[in-house]
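Each step along the sequence shown adds one to the number in the numbering used here, with nothing skipped, and position 233 is 234.
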Amino acid sequence: MKLSAAALAIALFAAGCSAQENASSDAPADASADSTRSAPSTVSLSVTPEELRGADPCKLIDENVLTEFGKVKYDKGISYGQCDILLDGPNDEFVSVFVDLQAGPSEVSVGDPAPTPVLRDGVTVYESEGVSELTGSKDCTRDVVLRERIATVAIGVYGDESGSRACRIADAAADDVIRLLKSGDLPSARHAPDSLANQDACELVKESEAARVPDIDPGKRHADFTGQSCTWGGRNIDEPHLYVFFQHLDDPLEGRPLTVRGRPATVNYSSAVADNALLGPSLPSCAVDVEYGEAGPSVKGRTEVVSVGVTGESSRRELCSLAQELAPKVLARLPEPSD
C-alpha cells in the first residue's frame with residue numbers, strides 16, 4: 002500500500018470540503034456557504050464543536066437504523082473523524098455510507114447545483130443528489146449542521162446502482178444524527194491523551210518553513226475540522242502545496258526506509274498524472290511517512306502515522322529533500338506518545 006498518494010488525496014479532500022475557522026481569510030469558501038442564511042436552524046443544539054470532534058463517527062448513526070437497508074460492515078478508514086459503513090443489500094449490491102466530521106457543507110463538483118438547505122426537525126441539513134460519472138450509480142448527501150460554518154456531520158451515500166436506495170438511506174441516517182445531536186449524548190471515541198486525534202496539524206509547521214516550498218503562498222493555510230490534516234499553498238493536487246496529514250493504519254509502511262527522530266519511516270515519491278479518472282490531473286509529490294505510536298481504542302491494533310508531503314513542479318530530488326527536511330521539525334512539535 003503506497004501511503005503518500007492516499008494521504009495526499011484524503012488530506013486535500015478533507016481540507017477542501019470545509020471552511021475551517023483558522024484557515025486563511027482569503028481562502029475560497031464553500032460554494033454553498035452563503036446559503037446557510039436561507040434555512041437557519043430553529044432549535045438550539047447543546048453539543049459543542051469540541052465534543053463533536055471527540056466523537057466516534059462510526060457510532061453517530063445507530064446500527065439498527067442501517068440494518069433496514071442491508072447487512073452492516075464498518076470500515077474505520079485511515080483518518081480520525083471519518084467512517085465508511087458498507088451495506089450489503091439485495092442482488093449483492095454494496096452501498097457505502099460515508100460519515101465525515103467537517104466544518105461546512107460538502108463541496109460539489111463543478112457544474113453541479115449547490116446543495117439545498119432545508120430544515121429537518123428544526124435543524125439545517127444540506128441535501129444534494131447526483132449520478133456518478135464513473136459508475137453511473139446514484140449518490141446522495143445529507144450534511145447536518147451543528148454550528149453554521151463551524152461544525153457539520155456530513156453523510157454521503159454512494160454506489161446505489163438501482164437508484165432507489167441512496168436518498169432513503171441518507172434521510173434515515175440524517176434523522177438519526179439529528180436525534181443524537183438533540184440528545185446531547187455523543188458516543189466518545191475515547192482517544193488517548195497523547196493520540197494524534199488530539200493534535201492540530203496546522204500548528205506543526207511555521208510559516209517560514211512552509212515558505213521553503215517553491216511556488217506557494219505559505220500564508221494560505223487550509224485545515225480540516227478535526228485538525229487531522231492541513232495544507233499550505235494550493236488546495237488541489239494540481240497546485241503546489243505542502244501538507245501534514247495524520248493516519249491510522251493496519252498495514253506496514255512501504256517505500257524507501259529511513260529513520261526520523263528515532264522512529265521508523267519511509268519516503269514515497271509519486272510522479273505527475275495527466276488525468277486520473279477519480280481525482281483529475283496531479284503534480285509530482287513526495288511524502289515522508291513516520292510511525293508515531295499505537296492508535297486509540299476506536300481503532301485498536303492500528304498504528305498512528307504522520308505524513309509530511311510536498312507537491313510541485315520541482316525535481317524528485319528537491320521535493321523529497323524538502324519533505325525529509327520538514328518531517329523532523331513536525332515530529333519535534335508533537336508530544337512523545339506513551340509506550
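Here a beta-carbon is modelled for each residue, glycine too, at the ideal position from N, C-alpha and C. Owing to the predicted nature of the structure, the values given are computational and were not obtained by experimental measurement.
Assumed close pair residue i, residue j - CB separation to whole angstroms, cut-off 8 angstroms
| i | j | result |
| --- | --- | --- |
| Ala328 | Val274 | Wrong, their Cβ atoms sit about 24 angstroms apart, outside the cutoff. |
| Pro215 | Ser315 | 6 angstroms |
Three-state secondary structure assigned by DSSP to residue i
| i | result |
| --- | --- |
| Asp176 | helix |
| Asn65 | helix |
| Glu210 | helix |
| Glu22 | Residue placement at Glu22 is poorly supported in this model, since its pLDDT is 37, which falls under 50; the coordinates still yield a value, given next. Glu22 falls in the coil class under three-state DSSP. |
| Ile151 | coil |
| Gln200 | coil |
| Phe247 | strand |
| Ile156 | strand |
| Arg169 | helix |
| Arg318 | helix |
| Asp31 | Model confidence at Asp31 stands at a pLDDT of 37, short of 50, so the residue's coordinates are unreliable; what they give is reported in the following sentence. Residue state, collapsed to three classes: coil. |
| Pro329 | helix |
| Ser299 | helix |
| Ala193 | coil |
| Pro253 | coil |
Residue range of the alpha helix (DSSP H) that includes residue i
| i | result |
| --- | --- |
| Pro50 | 50-54 |
| Leu130 | The sequence as given places Glu at residue 130; Leu does not occur at that position. Here Glu130 belongs to no alpha helix (DSSP H); instead the beta strand (DSSP E) covers 124-132. |
Beta-carbon proximity of residue i to residue j, cut-off 8 angstroms
| i | j | result |
| --- | --- | --- |
| Ala1 | Thr142 | This structure cannot settle anything about residue 1, because the visible part of the chain is limited to 2 through 340. |
| Cys231 | Cys287 | no |
| Val132 | Asp140 | yes |
| Ile238 | Ser308 | no |
| Leu332 | Val291 | yes |
| Val119 | Glu130 | no |
| Val289 | Val268 | yes |
Host beta strand (DSSP E) of residue i (start-end)
| i | result |
| --- | --- |
| Arg148 | 139-148 |
| Pro118 | 117-121 |
| Val306 | 304-312 |
| Arg262 | From DSSP, Arg262 is part of no beta strand (DSSP E); its letter is neither H nor E. |
| Cys231 | 230-234 |
| Ala224 | 222-224 |
DSSP bridge partner residues for residue i (one or two, in chain order)
| i | result |
| --- | --- |
| Asp346 | In this structure the chain extends from 2 to 340, so residue 346 is not present and cannot be described. |
| Ala288 | Asn269, Gly310 |
| Gly294 | Glu305 |
| Val274 | Ser283 |
| Asp57 | Asp57 pairs with nothing; no bridge assigned. |
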